[in-house]
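According to the numbering used here, the sequence shown is numbered sequentially starting from 1.
Glycine residues also receive a C-beta, built at the ideal position from the N, C-alpha and C atoms.
This report concerns only the one structure given below.
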Amino acid sequence: MSVQSCPDVSLEDWIRRAQNGDAAAVEFLLEQFRPLRRARTHALWTAACENLSSFEWADVEAEVVLLFLSRLQSFRFEEGVYFPHYIERMLYFDGLSWLRGQRRDAAVPFSQLAVSGSTRTGNESSEDIEEWLFPGADNLARDVEQTLSLRDALDALPAAQKHLVWQCCVLSRTEADVARELGWSRSTVRNRLEVALSQLRDYFGVETNTGTRTGRISSRDTSGRNTFQHNTFQRNALQSEFWSFILIMAKDEKRPDLVGVGSGRPVLLQGTFDFPATGIKTPQLLSTKLRYVVPPGTIAGIRFVRAGIMCEKMVCVSTVVNGMPHRLICVAANTAVHVPLAIVEALPAGSEVEIHIASDAPGTAIIDVGCLQMPA
Numbered sequence: 001m002s003v004q005s006c007p008d009v010s011l012e013d014w015i016r017r018a019q020n021g022d023a024a025a026v027e028f029l030l031e032q033f034r035p036l037r038r039a040r041t042h043a044l045w046t047a048a049c050e051n052l053s054s055f056e057w058a059d060v061e062a063e064v065v066l067l068f069l070s071r072l073q074s075f076r077f078e079e080g081v082y083f084p085h086y087i088e089r090m091l092y093f094d095g096l097s098w099l100r101g102q103r104r105d106a107a108v109p110f111s112q113l114a115v116s117g118s119t120r121t122g123n124e125s126s127e128d129i130e131e132w133l134f135p136g137a138d139n140l141a142r143d144v145e146q147t148l149s150l151r152d153a154l155d156a157l158p159a160a161q162k163h164l165v166w167q168c169c170v171l172s173r174t175e176a177d178v179a180r181e182l183g184w185s186r187s188t189v190r191n192r193l194e195v196a197l198s199q200l201r202d203y204f205g206v207e208t209n210t211g212t213r214t215g216r217i218s219s220r221d222t223s224g225r226n227t228f229q230h231n232t233f234q235r236n237a238l239q240s241e242f243w244s245f246i247l248i249m250a251k252d253e254k255r256p257d258l259v260g261v262g263s264g265r266p267v268l269l270q271g272t273f274d275f276p277a278t279g280i281k282t283p284q285l286l287s288t289k290l291r292y293v294v295p296p297g298t299i300a301g302i303r304f305v306r307a308g309i310m311c312e313k314m315v316c317v318s319t320v321v322n323g324m325p326h327r328l329i330c331v332a333a334n335t336a337v338h339v340p341l342a343i344v345e346a347l348p349a350g351s352e353v354e355i356h357i358a359s360d361a362p363g364t365a366i367i368d369v370g371c372l373q374m375p376a
């Protein structure tokens, strides 16, 4: 069953039926969001198998279904939230919470960490015993120190810049989302975030070259820029290394649309395919060759779409991510288009990308879709 097979019933009606106990509506929604469930199952199962090898795919899949049904019951239309966006974000955060719980349950109890007399001698120092009992104590102390340094650095920023850094770099929100929330333009958010990140680099003594935040070469010399002066702060190599990584992540991974092709591996979905008359309102998968799943440990973004159409009527070429429409591109009869995507979302591991087409007449399509795959 699909949405196209029930044009008179809206998604809101299906959700209300499911919340009222209609089993058919629940089955419909589970099937409709099957690509999203499969993507979340793939991501959780991959993460769980890194340390918890005893997990089965079916167990993780059942847990994702349970999380989906739980969030379906708690969804409220009066809050003004778009359900596909809501269910995608909730499954992501619920999956992280479930994964942390599983790792916590699999941890070795402290009572089993007692020192055995047969393996320890009296000549060993207390520091050696402490390191054996708490092998990550030094790393934990270092993390605490870095967290306190982050708090001090953010407190040194103005309130507006502190809010932008927290939203975009810590909570991983996009600049567009923050701009809509604050009622600003995206360029305003981007410029203020750049100023805040520049001040943080100066605070932690991270050396910067003459490039811009997006990695492009700039002729502007920033060596004489007036910045925060924190002479009392102890800038050691560890903090510089830590913040270099964090700020580079904020520059590149959070904005994949501004990263050059040389920073990742291009993935091209190409080919020439015949298509039937599907109806302009009922898109269908053009070919199984035009399907791409983001591999584990990477993120990806769709950079451009090229389409050449041999058909007597206008067609609609669409990119579909996890079963949900992503971009709709209208192509006139017997023409070709090239659409570069200026706003590129970062697709996490396990996401499924497909190319669909809708037309009132049969024809032939030449498709070239470029994706950029980068390490997560």
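By the 10 Å Cβ neighbour count, where 16 or more other Cβ atoms means buried, how is residue i classified, buried or exposed?
i, result
"V178", "buried"
"R180", "exposed"
"H85", "exposed"
"T41", "buried"
"A376", "exposed"
"A18", "buried"
"P283", "buried"
"Y203", "buried"
"S70", "exposed"
"C330", "exposed"
"G21", "exposed"
"Q167", "buried"
"D379", "A query on residue 379 cannot be resolved here, the shown segment of the chain reaching from 1 to 376 and no further."
"W14", "buried"
"S351", "buried"
"I367", "buried"
"R89", "exposed"
"G297", "exposed"
"A159", "exposed"
"L36", "buried"
"N334", "exposed"
"L164", "buried"
"G95", "buried"
What are the residues that DSSP puts in a beta bridge with residue i?
i, result
"L372", "P266 and G301"
"V331", "V315"
"F75", "Answer is none; F75 lacks a bridge partner."
"Y292", "V353"
"P340", "F304"
"F273", "A365"
"I309", "A365"
"P325", "V320"
"S359", "V315"
"Q284", "I357"
"L67", "Beta-bridge pairing links L67 to no other residue."
Please determine, among the options, the residue with the shortest C-alpha to C-alpha distance to residue i.
i, options, result
"E422", "M324, A156, Q167 and Q19", "The chain is shown from 1 up to 376; residue 422 falls before or after that span and cannot be answered."
"S172", "M374, A361, L200 and P348", "P348"
"S318", "I299, G350, T46 and R291", "R291"
"E345", "V337, R327, A333 and H356", "R327"
"G80", "K162, E12 and D274", "E12"
"W98", "E78, L44, P158 and E88", "L44"
"V369", "C311, C316, T288 and F304", "F304"
"M314", "R100, R103, A365 and E50", "A365"
"F93", "C311, A24, F77 and F68", "F68"
"G101", "G350, V321, T288 and A47", "A47"
"V293", "G308, E194, V267 and I309", "V267"
"I343", "A300, T335 and S287", "A300"
"L200", "C169, V189 and W184", "C169"
Which complete alpha helix (DSSP H) runs does the stretch 164-194 hold, if anything under 4 residues is left out?
Here the runs fully enclosed are 175-182.
Measuring CB atoms only, is the stretch 278-285 touching the stretch 354-367, in the sense that at least three cross pairs come out at less than 8 Å?
Enough Cβ pairs lie closer than 8 Å, so yes.
Where are the alpha helix (DSSP H) runs, 4 residues long or more, that stay fully inside the stretch 13-51, in chain order?
Here the runs fully enclosed are 23-32 and 34-51.
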